[in-house]
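Protein chains in written order, with my numbering: chain L, 1 to 691; chain R, 692 to 1182; chain D, 1183 to 1670. Quick reminder that beta carbons are idealized off the backbone N, C-alpha and C, glycines included. See below for the structure under consideration.
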């Protein structure tokens, strides 16, 4: 791997941002020019990316670039996996920008939308190409904030509330990850990804727990963005409210930025670490299963797709978990993870844009409303079908390959365990959940496909209106934007050794994956059997569960999709929001108590104490004098002392004193004068006498 | 150390201009006064810059009494703070021309505004404890009329509270002089401290207690916990440019005093690792948490920013109390960041109040549509304060946290960064809603009734400049160099 | 220069005082002129005496074979004489306008000038007995001044004043007699009899009695009640006597007994020193707190005097030379500052009839010069740098720190606490005066305006001295140092 320093890398990260600003200015004058400009920015970005991928990294160069002066030192690096994923990001942004021209036809604030979408693209590419974790964190935070604006683009109450949760999770995740970075930096002294493996390996035993703590904190941060189990709450809410192209990007690429972080943790810092693998595996299984279940129950098209993203992320996390567990022989798991990420990005691109196409025409997403929209629209059916077949892992589509690889890695780990003589019950359970979740995927995708493309709408007039749209529901550019990714999926699926294998080898160096011991024969009987089981489970669940429970006959005798999911089960409102409110209340109460001590109690108490103390002290001699007057000095007829007045009012009152006192006064002072004279005479005599 | 008289110019020049504005009747007219004050501020800025670029220089002025000499000098800390002070005063000054149109007695305001700058520069240029104490007290007196400016009853109460808390703090600071005279060799600022260890032998606890009291005393001006209560009451009452200077720069007088006391008088070596250092760190952490949670609760914008100052300045003090190079770098960077950002935030609040009269946070719905540029500056400064990467807050928090983690203090080393991050979270919780409510007023907002209320150029210039400066860590080299020569001389 | 002239500073005021009372003056103006010239003449005599420094003591008569009644001018005497020499003419000038439409002016001015001579006598006395004689005479001479108004309140005040002063004087006399019986006739000599009678508990008791005796006049805690009560007297009386002459002679006498009779070596480290230090420290805080609580302006300043006198006593109780110098510096500065404050209060009272603090809000707009002087002297008393209060406070703190020990530390805390309280009871009033809140501006009448030149001249003179002392106090401090250390 020859290191080649090229300025292309920072250009890749900052060009979309620059383009965003220029686009914003252009947008103020003409809308069309701005759309074209945005598309050309993305096109140029993709061209540079592809050029780096094929002509540079493809020829064995490892691109590196560091900018020590900027922000305390940004450094970029592009090896196989990173440039691969940047290309996918560039491709997806290009497609969504093309589609959003038509989709956003009658939207408001489109300038703002393009500005922030392009900024997010720059930040995401920055995350993928970053060489050290500080650069990753910087671009990660920028991505969080710019993507927030994409989520709340519609500004309706749902969007604002979902945005609020999204931002809270993003900021909280960012802060926790920062804490993890602090700990990691203090432990290993470096954050450069290439130097982390040997730095972490060299760590002494007693520092290991702190490393695990740092790792968990960073997992919290990256997992939050990826939609991992405990923190997936924002994903099913945020993606549906965003405009369709934005949801495609959020689900397709931004979650992969989170996964990229998890990969750095699992393949660089905790390479072949068994207990880290178990942790990620268990979280992955949980995410996979929960995502599939909530997808099953959802009756909103985009919400189902969002929940399915959570589930697919679960699949990828399972792959990462298996990588750590398999240790040296992790080739299958590495390939499986890479390819499933790739597939998932493209699937969600297709499916969300298809959903966008539907929403574009009828502005409805509820299954009961959009029922039967797809009838008589061969192109849309083909596109949606290609996405569905890939995600369900039907052979001849790329999804089958990545799912099989993941399944194979679980089976191989079970064989390893048997050789080592340890129980494989747990792994058997994992395998069954893996297959069952695959089955659930099949179930909810069939539910969507049947509802939109096979069934008729309950209201015939509506159905007629839908069919009237046949043929002219999408512009040519959108068809092109949807068609290409939809085509790629089957093509990659049919010729696995040509595409899939080479892509996997291209990206495996970053994940420290070794070449597989024996050649993978894709369409062998055992692999096909795995897919068959999933499809069988799916069909069973669909006919057994969905058709019976989730379809109710309403009074008109018409089948109606009903949402059985109890609202109180919603984790966000049940647990997270009350928890945050409670924490806020506690901290505010604590702060207020401190503030009061500083503000009120300290000065008021001290003054009160001083005054109380001084009052008693000052009246002490008066008490003594009055005491004396009552006892010893009784015989002197002195009128009682008048209290010292405080109020200004009684200054005017002038009490006259008894007559006899006045004479005493007069004699007394003149007496003194006589005394003075006497004194003077005596002193004068003495001065001159004593000489 | 050549002794040159020109050291006095940056201090005396603004004071003379202040007195001139206050007394000369010709300057009553709006136009002429604006020109006069602008030239005064810019010349004093240039003078300060010229002074701090000179090589080491010191100037002995006079002796008040035995052991109480008045002398000024330029050293690493002066170079760092003086430029910042003069620049911030210039910014708020430019902003105030427009803002004061809605206020009365302009001449009195500008008179004490310029006098305050002179006293503040005196604190930065002071070369020994007594001079610093003198400038510290007179700075409180000069800035008091700014708090009392509106002459309403609560302005009066806030002013009295400001005066008494600052004086209480200053007198605690005065406690240091006698003990330094007894145990130290001199009252001049010498990097590394002046304590004569042979004398100090049996009296460590007494001296530590005195140092603690002195730092808490000077901490009053910086809003440290026990004596912080005046800050949230005094700042909102003052006119916006005055509270911007009060919050952004005058709290730094407390910081300068504490740096001088810790690193130039008692010496970091003497204080490091003692119970007092832990006590100080706990106080700073308590203040950080309290400031942020109270700001989160406060509904009035300027009061919220004042509480945020209480918490943010304690970030700086936390870094100073750790007494190691990384933490010191972090705290000095945060001095720059906080001054720029807090000035910007208060000026934005001032612009909003000036144009729309809205002071409550709830009323600010859709303000981003009416005043996009002002709210963009507010947002950039808010992001900087929270510590979002491209902006300056991130780098200072980075160094502060690393400094804390690398210090070997048992609990504080990890608790510090945790509280810093919780406070950053709370900062996000009390600043971001303003931006969100401003830019995204929701569907119901009728765009037809929208009236553009952008303030004029005089107001916008400082806002935009400060918002741009809030990202100074994008090219951090020059600032890190400045911080470097301070920490090099001390550690 | 022979030392006969030592008698002059006592004699001139006595004669002129009596002649004011008895001689028939054509008009009030001529009498004032005569009075002012007499006082100025006496001040110049004092200045001349200070510069020429006559050596030795002038014995006037022998009460008994061994007890001479003698006068002498030494370092301490010079300081006290200098203070009253400078302040008396200023105060007399001020009192002319104050007493303008008062009925029995001749009696007032005669006793006012006699008192000048008697205070000079206290300063010039060479041994405890002479000092005690003038000390008693001072009480008698000031009684008619305090009782000048003749109304019920001033009668009660005079009664309290007489009871406290006579009681105190009696105690100090017993202390002095106990000392004389033990050590024979004792001339005031720096260092006193310390070396001979180390730690003799009989003498310690004697010292404590004298300290309590003189403590009455210097308003130490339990014995301070007469000072605020004496606030009812006309302002020149309260200003001069109760802020400068009477109370300062009390402190002067206490210093004489500590450093020049019993001697610091005898007292250092003993329970006597500790009790004085505790009493002083407590009074410092107590005086300030009571001042904060008091709404009546002159009573507030009286309590402030109680607190500031204990600053000086605290300096004295350190039993070190630096402590004494610091105490004396505060005596001088406090004298100048406090007399200005009383003058301002007096002007406000006599011009506008307002005696309570809340009534002065916004008055500064109408009486700018008075309230600017008040604010500056308030800042000085609080100890703001560039003004004298700061220097004496800093010296006190430094000497206490150098002396060290728990009592000194308690004193330091008391000093700082009292500084904050001083700021609390002086500065808000000074600042509020300049801020006209709308509802107050209506209540001003046309004659609420600045006083005549006779009051403004003392203001400007005193403010100038304050600024000069504040900025350039070094020569004065060195002079103090040499006077005490030199103990000539």
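Query                                                                                                                                                                                  : Result
Quick one: Cα of residue 1314/D to Cα of residue 1189/D, how far?                                                                                                                      : 17 Å
In this structure, how does DSSP classify residue 160/L when only helix, strand and coil are distinguished?                                                                            : helix
Using three-state DSSP, classify residue 1402/D as helix, strand or coil.                                                                                                              : coil
Using a Cβ-Cβ distance cut-off of 9 Å, determine whether residue 738/R contacts chain D.                                                                                               : no
Looking at the structure shown, is residue 763/R part of a helix, part of a strand, or coil, going by DSSP?                                                                            : strand
Within a Cβ cutoff of 6 Å, which residues of the same chain sit near residue 38/L, ignoring the five residues on either side of it in sequence?                                        : 23, 97, 114
Under a Cβ-count criterion, where at least 16 other Cβ atoms within 10 Å of its own Cβ denotes burial, should residue 1079/R be classed as buried or exposed?                          : buried
Taking all protein chains shown into account, do 16 or more other C-beta atoms lie within 10 angstroms of the C-beta of residue 1540/D, making it buried, or fewer, making it exposed? : exposed
Can you list, in chain order, the residues of its chain with a C-beta nearer than 6 Å to that of residue 1181/R? Leave out the 5 residues immediately preceding and following it.      : 882, 954
Among 222/L, 350/L, 260/L, whose alpha-carbon lies nearest the alpha-carbon of residue 484/L?                                                                                          : 350/L
Give the residues of chain D in contact with residue 675/R, contact being defined as C-beta atoms less than 9 Å apart.                                                                 : Because chain R in this structure spans residues 692 to 1182, residue 675/R falls outside the shown range and cannot be described.
Can you give, in chain order, each stretch of the alpha helix (DSSP H) that sits fully within the region 273 to 325 of chain L and has at least 4 residues?                            : 274 to 297
Using a Cβ-Cβ distance under 9 Å, would residue 828/R count as near chain D?                                                                                                           : yes
Smallest Cα separation from residue 942/R: which of 970/R, 911/R, 856/R, 1048/R?                                                                                                       : 911/R
Answer yes or no: does any C-beta atom of chain L fall closer than 9 Å to that of residue 987/R?                                                                                       : yes
Identify the contact partners of residue 1165/R in chain L, using a Cβ-Cβ distance below 7 Å as the criterion.                                                                         : 70, 71
Quick check: what's the CA-CA separation for residue 281/L versus residue 560/L?                                                                                                       : 38 Å
With a threshold of 9 Å between beta carbons, is residue 850/R in contact with chain D?                                                                                                : yes
Taking 8 Å as the cut-off, is the C-beta of residue 504/L nearer than that to any heavy atom in the ligand MG?                                                                         : Ligands are entirely absent from the displayed structure, and the ligand MG is therefore not among its contents.
In angstroms, rounded to a whole number, what distance separates the CA positions of residue 1415/D and residue 627/L?                                                                 : 27 Å
With a 10 Å radius around its C-beta and 16 neighbouring C-beta atoms as the bar for buried, classify residue 988/R as buried or exposed.                                              : buried
Suppose you measure from the CA of residue 216/L to the CA of residue 452/L; what does that come to, to the nearest Å?                                                                 : 42 Å
If we ignore side chains and look at the alpha-carbon of each, how far apart do residue 250/L and residue 392/L end up?                                                                : 21 Å
Could you check if residue 1658/D is buried or exposed, using at least 16 other CB atoms within 10 Å of its CB as the buried criterion?                                                : buried
Leaving aside the five residues before and after residue 1512/D along the sequence, list all residues of the same chain whose C-beta is less than 8 Å from its C-beta, in chain order. : 1490, 1493, 1494, 1497, 1574, 1575, 1577, 1578
Please confirm if residue 153/L has its CB atom under 9 Å from at least one CB of chain D.                                                                                             : no
Please tell me whether residue 151/L and residue 13/L are closer than 9 Å, where the distance is taken between their beta carbons.                                                     : no
Does DSSP put residue 692/L in a helix, in a strand, or in coil?                                                                                                                       : This structure leaves residue 692/L out entirely; chain L is present only between 1 and 691.
State buried or exposed for residue 153/L, treating a residue as buried only when at least 16 other CB atoms are found within 10 Å of its CB.                                          : buried
Closer than 6 Å by C-beta to residue 20/L: which residues in its own chain qualify, once you throw out the five before and the five after it? Chain order, please.                     : 115, 118, 119
According to the neighbour-count rule (16 or more other Cβ atoms, all chains shown, within 10 Å of its Cβ), is residue 515/L buried or exposed?                                        : exposed
Hey, could you find the ends of the alpha helix (DSSP H) residue 249/L is sitting in?                                                                                                  : 244 to 249
When the Cα of residue 1439/D is compared with those of 1368/D, 1264/D, 1298/D, which residue comes out closest?                                                                       : 1368/D
So, residue 1093/R versus residue 1018/R, is the Cβ gap smaller than 9 Å?                                                                                                              : yes
CB-CB under 6 Å to residue 141/L, same chain, minus the five flanking residues each way: which ones, in chain order?                                                                   : 174
Mapping DSSP to helix, strand and coil, what is residue 1250/D?                                                                                                                        : strand
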